[in-house]
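Asks: Provided herewith is a single structure, encoded as C-alpha cells, for subsequent inquiry.
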C-alpha cells in the first residue's frame, strides 16, 4: 500500500495543477463560444448577413472546453445509474465492480487515444479549417508551422489538427484520471481508505470513496 500511495501522491498533485489550469481555459473557451454565437445571431437575424467564421469558432471553443472539462467531471464521479448499482451492492462487491468498470474504461480510453492521435496526425489533420485564421504571418511563422497563408494578408488558415487536438488532450487526461481512480480503488480495497485524501471539488466522491 505504501508503494501505491507513493505513486498516487505525485499523480494527484500533477492532476490538481493541470485540471485547475484546464478549468480556467475551459471557462475562457465557454466565454468565447458565447461571444461567437452572439455575434452570429446579430449578423444573421438583425443584419441578415451571416458571417462564415462564428459557427466554426464556437465549435472550436466547444471542443476545447469539453477536452478540459471532461477529465475534471470524470474525476469527481456522479454517474447516477452506475452509482445506484454500486451502492445497492455490499461495500466490497460494489468496490470490486467499480474497479472492474475502471479497468474497462481504461481499455476504451487507450483506444480513444489512438483515434485522437490519428485525427491529429492523419490525413484529415492535414487540412485547414474553412473559415478560421490566425495572424501568424506577422512574424513569418505560417510557412514554418506548415499553415496555408492568405493571399496579400498576414493571416493564415488554422489547421484542422489544432481543433482535433482537443480530443487527444482530453482523452489523455482522462487516462491519467482513470489510473488515479484505479489506484485509489485498490488502496481502498486494501483497507487503507483513511489514508486517501478527498478529491478537490467533490464532497462525496463516487468510486474509491
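In our numbering, the protein residues as written are 1 to 209. Ideal Cβ placement from N, Cα and C applies to all residues, glycine included.
Just the C-alpha distance for residue 188 and residue 198, rounded to the nearest angstrom, thanks.
Replies: For residue 188 and residue 198, the distance between alpha carbons rounds to 12 Å.
Asks: Run through DSSP, which three-state label would residue 214 get?
Replies: Shown here, the chain extends from 1 to 209; a query on residue 214 therefore has no answer.
Asks: So which of 121, 17, 103, 32 has the shortest CA-CA distance to residue 175?
Replies: It is 103 whose Cα lies nearest to the Cα of residue 175.
Asks: Please return the same chain residues whose Cβ sits closer than 8 Å to the Cβ of residue 205, not counting the five positions on each side in sequence.
Replies: Residue confidence is low: residue 205 scores 39 on pLDDT, short of 50, so the model does not pin down where it sits. No coordinate-derived value is stated.
Asks: In chain order, which alpha helix (DSSP H) runs of at least 4 residues are fully inside the stretch 65 to 96?
Replies: For the stretch 65 to 96, whole alpha helix (DSSP H) runs of length 4 or above, ordered along the chain, are 80 to 88.
Asks: For the beta strand (DSSP E) containing residue 157, list its first residue and its last residue.
Replies: Run containing residue 157: 156 to 159, per the beta strand (DSSP E) assignment.
Asks: Measuring alpha carbon to alpha carbon, tell me which of 8, 69, 185, 49 ends up nearest residue 24.
Replies: Per the Cα distances, 69.
Asks: Among the candidates 18, 91, 124, 158, whose CA atom is the shortest distance from the CA of residue 173?
Replies: It is 18 whose Cα lies nearest to the Cα of residue 173.
Asks: Please classify residue 126 as buried or exposed, where buried requires at least 16 neighbouring CB atoms within 10 angstroms.
Replies: By the neighbour-count rule (16 or more Cβ atoms within 10 Å), residue 126 is not buried but exposed.
Asks: For the alpha helix (DSSP H) that residue 50 lies in, which residues bound it at each end?
Replies: No alpha helix (DSSP H) contains residue 50, which DSSP labels as neither H nor E.
Asks: So, residue 278 versus residue 37, is the Cβ gap smaller than 8 Å?
Replies: Nothing about residue 278 can be read from this structure; the chain reaches only from 1 to 209.
Asks: If contacts are defined as beta-carbon pairs under 8 Å, then residue 180 and residue 5 qualify, I think. What distance do you get, rounded to the angstrom?
Replies: In fact, because the Cβ distance is near 12 Å, the residues do not count as touching under 8 Å.
Asks: Take residue 116 and list the residues in its own chain whose beta-carbon comes closer than 6 Å to its own, dropping the five residues that flank it on each side.
Replies: Same-chain partners within the cutoff: 167, 168, 171.
Asks: Identify the residues that DSSP records as bridge partners of residue 128: which are they?
Replies: In the DSSP output, where bridge partners are listed per residue, residue 128 has 159.
Asks: Counting Cβ pairs closer than 8 Å, one from the stretch 82 to 91 and one from the stretch 41 to 48, do we hit at least three?
Replies: Flag = no, the stretch 82 to 91 and the stretch 41 to 48 do not touch.
Asks: Within the same chain, show all residues whose beta-carbon is closer than 8 Å to that of residue 183, passing over the 5 residues directly before and after it, in chain order.
Replies: Counting only Cβ-Cβ distances below 8 Å, and skipping sequence neighbours, we find 4, 7, 8, 11.
Asks: In angstroms, rounded to a whole number, what distance separates the CA positions of residue 92 and residue 129?
Replies: Their backbone Cα atoms lie some 50 Å apart in a straight line.
Asks: Measuring straight from C-alpha to C-alpha, what distance separates residue 139 and residue 97?
Replies: With a pLDDT of only 48 at residue 139, under the threshold of 50, the placement of this residue in the model should not be trusted; the figure read from the coordinates follows. Cα to Cα, residue 139 sits roughly 55 Å from residue 97.
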